[in-house]
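Novice:
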Amino acid sequence: ERRYATFDGLNLCFETREGMLKHCSPDKAALLGELGERFLTNRRPSLEGQIANLADEIAYNNHDVDDGLRSGLITLEQLSDVPLVAEHLQAVQEAHPKLTGRRVVHETVRRMINTLVSDLIAQSASNIAAQRLVTLEDVRNAPALIAFSPALIARQRELKKFLHIHLYRHYRVVRMSAKAQRIIGELFGAFMADGRLLPTPFQPDVSQSEAGRARGVADYIAGMTDRYAIREHQRLFAVEEG
Numbered sequence: 002e003r004r005y006a007t008f009d010g011l012n013l014c015f016e017t018r019e020g021m022l023k024h025c026s027p028d029k030a031a032l033l034g035e036l037g038e039r040f041l042t043n044r045r046p047s048l049e050g051q052i053a054n055l056a057d058e059i060a061y062n063n064h065d066v067d068d069g070l071r072s073g074l075i076t077l078e079q080l081s082d083v084p085l086v087a088e089h090l091q092a093v094q095e096a097h098p099k100l101t102g103r104r105v106v107h108e109t110v111r112r113m114i115n116t117l118v119s120d121l122i123a124q125s126a127s128n129i130a131a132q133r134l135v136t137l138e139d140v141r142n143a144p145a146l147i148a149f150s151p152a153l154i155a156r157q158r159e160l161k162k163f164l165h166i167h168l169y170r171h172y173r174v175v176r177m178s179a180k181a182q183r184i185i186g187e188l189f190g191a192f193m194a195d196g197r198l199l200p201t202p203f204q205p206d207v208s209q210s211e212a213g214r215a216r217g218v219a220d221y222i223a224g225m226t227d228r229y230a231i232r233e234h235q236r237l238f239a240v241e242e243g
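Count the sequence shown with our numbering and you get residues 2 to 243, in order.
1. Taking 7 Å as the limit between beta carbons, can you name the residues of its chain near glycine 243, skipping five residues before and five after?
2. Quick one: what does DSSP say tyrosine 5 is sitting in, helix, strand or coil?
3. Do you know how far the Cα of histidine 107 is from the Cα of serine 125?
4. When DSSP labels each residue in this structure, what does glutamine 235 get in the three-state scheme?
5. So glutamate 241 is in the alpha helix (DSSP H); what residue range does that whole segment cover?
6. What does the alpha-carbon distance come out to for the pair threonine 17 and glycine 50?
7. So, using beta-carbon positions, are isoleucine 114 and asparagine 63 closer together than 8 Å?
8. Would you identify the three-state DSSP class for phenylalanine 15, choosing helix, strand or coil?
9. Given this structure, state the Cα-to-Cα distance separating isoleucine 222 from arginine 133, to the nearest angstrom.
10. Identify, in the order they occur along the chain, each residue of the same chain with its Cβ nearer than 7 Å to the Cβ of glutamine 255, setting aside the five sequence neighbours on each side.
11. Taking the beta carbon of valine 7 as the centre, do at least 16 other beta carbons fall within 10 Å, making it buried, or is it exposed?
12. Going by Cα to Cα distance, which pick from Cys25, Ser72, His97 is closest to histidine 171?
13. Quick check on the DSSP output: what are the complete alpha helix (DSSP H) runs of length 4 or more inside the region 131 to 184, in order along the chain?
14. Is the region 134 to 145 in contact with the region 42 to 56, if contact means three or more CB pairs nearer than 8 Å?
15. Can you say whether arginine 158 is buried or exposed, counting buried as having 16 or more other CB atoms within 10 angstroms of its CB?
16. Could you spell out the range, first to last residue, of the alpha helix (DSSP H) harbouring histidine 89?
17. Report the three-state DSSP secondary structure of proline 205 (helix, strand or coil).
18. Can you look up aspartate 120 in the DSSP assignment and give me helix, strand or coil?
19. What is the DSSP secondary structure of glycine 73, counted as helix, strand or coil?
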């Protein structure tokens, strides 16, 4: 960015951008230059990038468990068949027999996160110690160093399978995903068809190429919260009587 009087703005270093880029197809990687090179050569990101990847996995899985329970789409009874959850749920119920409701959920999820983080630290330390690492190039050429233990990988896999079957494929979630796709698609189509529908600061320059306009529209939509996108869609497409 080059935005302000005394400093340019947000300009991320290579390592930060690399750590943010978790998955990339070969075709897209080829367009990213040095940033996408590791996807073509099967090399690893920095240790920090590897940590960020698995930290996201820990957060997403456990937050999805919490969100699923809060919404009523899944139950503790169902989760008691998932070993990673059952172990901690049983421990919480035994240690705090009078605990009920959301406090049981929060304590169970807290213990699950602690187990995952502790396992990740221990296994990663063991992996790093087994390698003779001197430079960042050694990290890039080594097998994945930041990892869960094989036993915990298997338990994580069971939890993911449960979430896919009982939460992500739940008809209410599928319906909301379909609505979101429609809202985003129709917003994009409307803004591309007529740039004047965009707020003035975001309206495209007449000299912009179609690809440039599409990038600007995509960036504008990407900056919306869910609630704002719904309101914006209503402003454009809802026909009010009166």
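Built from N, CA and C at the ideal position, the CB exists for glycine as well.
All values reported here derive from a predicted model rather than from experimental measurement.
Specialist: Reading from the atomic positions:
1. Within the sequence shown, numbered from 1, the residue matching residue 243 stands at position 242. Model confidence at glycine 243 stands at a pLDDT of 48, short of 50, so the residue's coordinates are unreliable and nothing is read from them.
2. Along the sequence shown, read from residue 1 onward, the residue named residue 5 stands at position 4. Correct three-state label for tyrosine 5: coil.
3. As a first step, residue 125 must be located in the sequence shown, where it is residue number 124. As a first step, residue 107 must be located in the sequence shown, where it is residue number 106. Rounded to the nearest angstrom, the two C-alpha atoms are 27 Å apart.
4. The residue labelled residue 235 in the question sits at position 234 within the sequence shown. Looking at glutamine 235 - three-state DSSP - the assignment turns out to be helix.
5. On the sequence shown, position 240 is the one that residue 241 refers to. First-last for glutamate 241: undefined, no H or E at that position.
6. Along the sequence shown, read from residue 1 onward, the residue named residue 17 stands at position 16. Along the sequence shown, read from residue 1 onward, the residue named residue 50 stands at position 49. Distance between the alpha carbons of threonine 17 and glycine 50 is about 8 Å.
7. Position 113 of the sequence shown, counting from 1, holds the residue named residue 114. Position 62 of the sequence shown, counting from 1, holds the residue named residue 63. Taking 8 Å as the Cβ cut-off, isoleucine 114 and asparagine 63 qualify as a contacting pair.
8. For the purposes of this step, residue 15 is identified with residue 14 of the sequence shown, where counting begins at 1. Looking at phenylalanine 15 - three-state DSSP - the assignment turns out to be helix.
9. Along the sequence shown, one-based indexing puts residue 222 at 221. Along the sequence shown, one-based indexing puts residue 133 at 132. Answer to the nearest angstrom: the Cα atoms are 46 Å apart.
10. A query on residue 255 cannot be resolved here, the shown segment of the chain reaching from 2 to 243 and no further.
11. On the sequence shown, residue 7 is found 6 positions in, with the first residue counted as 1. The question names valine, but residue 7 in the sequence shown is threonine. Flag for threonine 7 reads exposed.
12. Residue 171 sits at position 170 when you count from the first residue of the sequence shown. Cα-wise, what sits closest to histidine 171 is Ser72.
13. 137 to 142, 151 to 164
14. yes
15. Here residue 158 refers to the residue found at position 157 when the sequence shown is read from its first residue. Exposed, since its Cβ has fewer than 16 Cβ neighbours within 10 Å.
16. The residue you call residue 89 lines up with position 88 of the sequence shown. That run of the alpha helix (DSSP H) goes 84 to 96.
17. As a working note, residue 205 is residue 204 in the sequence shown. Note: proline 205 maps to coil in three-state DSSP.
18. For the purposes of this step, residue 120 is identified with residue 119 of the sequence shown, where counting begins at 1. In the structure shown, aspartate 120 sits in a helix (DSSP, three-state: H, G or I).
19. By 1-based counting over the sequence shown, the position of residue 73 is 72. In this structure, glycine 73 counts as coil in the three-state DSSP scheme.
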